[in-house]
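S.K.:
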Amino acid sequence: MADVGCGRPTGSVVGSKNTPKETPLVQKEETVMQAHVGKKAPDFEAPAYLKGGFTSVKLSDYLGKWVLLCFYPGDFTFV
Amino acid sequence: MSAVADQFDRFQKLGVEIISVSVDSQFVHKVWDEEELQKMVDGGIPFPMASDGSGEIGKVYGVYDEAAGVDIRGRFIIDPDGIIQAMEVLTPAVGRNLEETFRQVQAFQLVRESNGSEATPSGWTPGKTTLKPGPDLVGKVWKVWKP
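Those protein sequences? They're chains A and B, same order as listed. FYI, in the numbering used here the residues of the first sequence are 884 to 962. FYI, in the numbering used here the residues of the second sequence are 46 to 192.
#1: Is it buried or exposed, Pro192(B), if we count other Cβ atoms within 10 angstroms and call 16 or more buried?
#2: If we call anything under 7 Å between Cβ atoms a contact, is Met94(B) one with Ala924(A)?
#3: What is the C-beta distance between Thr165(B) and Val156(B), in whole angstroms, given that I count them as a contact (C-beta under 8 Å)?
#4: Among all the DSSP beta bridges, which residues are the ones paired with Tyr932(A)?
#5: Does the beta-carbon of His74(B) have 16 or more other beta-carbons within 10 angstroms, so that it is buried, or is it exposed?
#6: Would you mind telling me which residues of chain A sit closer than 8 Å to Arg55(B), beta carbon to beta carbon, in chain order?
#7: The ligand FAD heavy atoms versus the CB of Arg120(B): any closer than 6 Å?
#8: With C-beta atoms as the reference, is Ile129(B) less than 7 Å away from Ala918(A)?
#9: Look at the alpha carbon of Gly898(A) and the alpha carbon of Val186(B), and state the distance between them as a whole number of angstroms.
#10: Mind pulling the chain B residues with CB within less than 9 Å of Gly898(A)?
#11: Over the uninterrupted alpha helix (DSSP H) stretch that includes Arg120(B), give me the two end residues.
#12: Looking at C-alpha atoms only, which residue of Ala50(B), Phe56(B), Lys173(B) is the closest neighbour of Gln83(B)?
#13: Checking contacts by CB at 7 Å: is Lys948(A) closer than that to chain B?
#14: Does any C-beta atom of chain A lie closer than 7 Å to the C-beta of Glu158(B)?
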């Protein structure tokens, strides 16, 4: 279960050096696009909302299933 | 997202799980679902709405717009082995066509079930002829595939 505190938890890429907790503010590391067709989908774990509650989503938990991953510009947008 | 939620049952029937991602927090997702989406789709959003507040996930998927600070519209079909089979990325003003996503999922599922012995030609829809790549098909596609 994801932490539901006053902070603003965020998603992170599994195995990435840019895990928010450890990243000093001054350090800026370029994250390179790793998504390519025919290649492994980059794994990630992120806090999520699901049917009235808060949970956590990890892509690798879905192995064995087909997944449709949809990014969109923002809540309360029009399209 | 309401359009995707509206088609959720069709995707479920194909065994497809959906995850949506934006830079909004899970708290904003909750309010959006309760205040608006539940009025558009019965029961609200039935799949997890993930939060990518730092844009880190969007960056590795190549959909993070640094200037706007948002994840633009990107759609990825990922197979049971965790392999990306298809991706589509659009600038914000144009919405997706879920019928095409649905068609692609069915095509990738057919190819996977045939262990790669079948392929789907341009414009294939379920029920239409598939191709069986091999020496016999070289130069003979015209015989089996009529657009």
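Every residue, glycine too, gets a C-beta built ideally from N, C-alpha and C.
M.R.: According to the structure shown:
#1: exposed
#2: no
#3: 7 Å
#4: Phe937(A), Met94(B)
#5: buried
#6: By Cβ distance, chain A contributes nothing, its closest Cβ being about 11 Å from Arg55(B), past 8 Å.
#7: Absence of the ligand FAD from the depicted structure is noted, as is the absence of any ligand whatsoever, leaving it without description.
#8: yes
#9: 45 Å
#10: Near Gly898(A) there are no residues of chain B at all, since even the closest Cβ is about 10 Å away, more than 9 Å.
#11: From DSSP, Arg120(B) is part of no alpha helix (DSSP H) but of the beta strand (DSSP E) over 118-123.
#12: Ala50(B)
#13: yes
#14: no
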